[in-house]
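Heads up: the structure comes next, in structure tokens.
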Ligand SMILES: Cc1cc2nc3c(=O)[nH]c(=O)nc-3n(C[C@H](O)[C@H](O)[C@H](O)COP(=O)(O)OP(=O)(O)OC[C@H]3O[C@@H](n4cnc5c(N)ncnc54)[C@H](O)[C@@H]3O)c2cc1C
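In the working numbering, the protein residues as written are 137 to 552.
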């Protein structure tokens, strides 16, 4: 069933009795050409692009819970392509271009909103770093504008400019950045993949990976063994645990990242704003709530909830940037499990096991990557070789030293 304005009118006239479930609920088949483990945004996008770009429809996406129950449905929905390094920037810009056509492509309203992403800076050194990043973006053909203090004042006059602990001296703006509705991205990819024959199997946890003669044979699951010629892992925060089923030890630590939403207020922030003197980002949802977050919790964890010290840390950063938020009430907070790689950049690659592929290490930033991640992972699986866009995102770079250290922070997950 295609979604359209005419369909809405027709269903309204028929008492909305014609709508069908957006995707099937199939029992798993005994064997697939490709099994993708993880029904988050990346796994579902991989299934979709395997079908649409590579003509592979005998594909299953296996999800241990319900689709979108992981980070895909827990993030702060920021999308952007304002990266510095050549190993990252073309990949994230490809993602941005896919976002720009996604609703038409999927026939689903994913609420992509290009309201801009503004990274503030608060010192001369901060301006130099922002100018360098902006120049690198422009060399890759990506939009970037360096704003001085007056331009930021004109955009967001209620920020704390005068007498602030960290005076705002300007910002780097990517106008094409913004937000998308995270659940809708999951549902849109699921529906579009299902329409092309991909089986989306929920409540199906992968508990083992069967390997014989160095080649993957399939996966053990809570719904029985499922054979597969190729298996792709897209398990985000659980990547280390699932890869361990194949005997792999990943250069990844899992940490909790929390997010917060306030009560709804009148339109206040019409962009995505980040603080340059600490780790803090904020935007306003269409319902009016301010959506914000900050650093990861400092300890390793597989729990989807965080602790109070980070709540305090985020509140402090928020107050340092916009004191007016002090009168707002926080409605909800929640956590997700971050797959923090040691250089802060992702891995999309083959593994030492033939037919087993890895998509992991997304840290804080995998939502914006969802379309390009699925697109590149599908290419890597279908061709048994990476695409040019994910060529640098190799698993062996942590041994060879060819890191993609975007922040120059080294192997310290809390600093990426
Ligand atoms: C609070 C928070 C804020 C964030 N904000 C942003 C942001 O603003 N912008 C941005 O770009 N990124 C953001 N991120 C990061 C982004 O959400 C993730 O990097 C991205 O969603 C990860 O990819 P995914 O959607 O495939 O992951 P997930 O949705 O976590 O998908 C992985 C799936 O694998 C499943 N799984 C795990 N183990 C198994 C198994 N054994 N068998 C079967 N299935 C299994 C899980 O249940 C899960 O559904 C944020 C994350 C959090 C938590």
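Each residue gets a CB set at the ideal place from its N, CA and C atoms; glycine is no exception.
Source: prediction; values computed, not measured.
Check, Outcome
"Beta-bridge pairing of residue 369 - partner residues as DSSP gives them", "173, 494"
"Touching by the beta-carbon criterion (3+ pairs, under 8 angstroms), the stretch 199-217 and the stretch 227-238", "yes"
"CA-to-CA distance, residue 457 to residue 210, given in whole angstroms", "24 angstroms"
"Reduced DSSP category for residue 333 - H, G, I as helix; E, B as strand; rest coil", "coil"
"At least three beta-carbon pairs within less than 8 angstroms, the stretch 278-293 to the stretch 174-189", "no"
"Minimum C-alpha distance to residue 519 - residue among 258, 169, 334, 321", "169"
"Residue range of the alpha helix (DSSP H) that includes residue 552", "Element bounds for residue 552: n/a, residue is neither H nor E."
"Within 8 angstroms, strictly: CB atoms of residue 484 and residue 509", "yes"
"Pair within 8 angstroms by beta-carbon distance, residue 547 and residue 335", "no"
"Top-ranked residue by Cα proximity to residue 356, from 450, 486, 468, 381", "381"
"Exposure label - residue 144; buried when at least 16 CB within 10 Å", "exposed"
"Rounded straight-line distance, which links the Cα of residue 439 to that of residue 222", "34 angstroms"
"Proximity test, residue 420 beta-carbon vs ligand 1 heavy atom, cut-off 7 angstroms", "no"
"Residue closest to residue 244, alpha-carbon to alpha-carbon, out of 235, 200, 301", "235"
"Boundaries of the beta strand (DSSP E) in which residue 196 is found, first to last residue", "195-198"
"Whole-number beta carbon distance between residue 453 and residue 430, since they are thought to touch under 8 angstroms", "6 angstroms"
"Rounded straight-line distance, which links the Cα of residue 281 to that of residue 313", "12 angstroms"
"Contacts around residue 407, its chain only, beta-carbon distance under 6 angstroms, and the 5 residues preceding and following it disregarded", "251, 252, 254"
"Segment contact flag, the stretch 200-210 with the stretch 173-185, C-beta cutoff 8 angstroms, min 3 pairs", "yes"
"Limits of the unbroken beta strand (DSSP E) element including residue 389", "388-400"
"Inter-residue spacing [alpha-carbon to alpha-carbon] between residue 395 and residue 470", "6 angstroms"
"CB contact flag (residue 539, residue 533, <8 angstroms)", "yes"
"Per DSSP, the bridge partner or partners of residue 351", "348, 490"
"Residue 514 beta carbon near ligand 1 (any heavy atom closer than 7 angstroms)", "no"
"Element boundaries [alpha helix (DSSP H), containing residue 150]", "No alpha helix (DSSP H) holds residue 150; DSSP gives it neither H nor E."
"Simplified DSSP assignment, three categories, for residue 248", "coil"
"Rounded Cβ spacing between residue 295 and residue 493 (contact assumed at less than 8 angstroms)", "Not quite, the Cβ-Cβ distance comes to about 44 angstroms (not below 8 angstroms), so this is no contact."
"Between the CA atoms of residue 359 and residue 268 - distance to the nearest angstrom", "51 angstroms"
"beta-carbon residue 231 near ligand 1 non-hydrogen atom, thresh 7 angstroms", "no"
"Closest Cα partner of residue 464 within the set 337, 200, 386, 404", "404"
"Close Cβ partners of residue 353 (< 8 angstroms) along its chain, the five nearest in sequence each way excluded", "346, 347, 363, 364"
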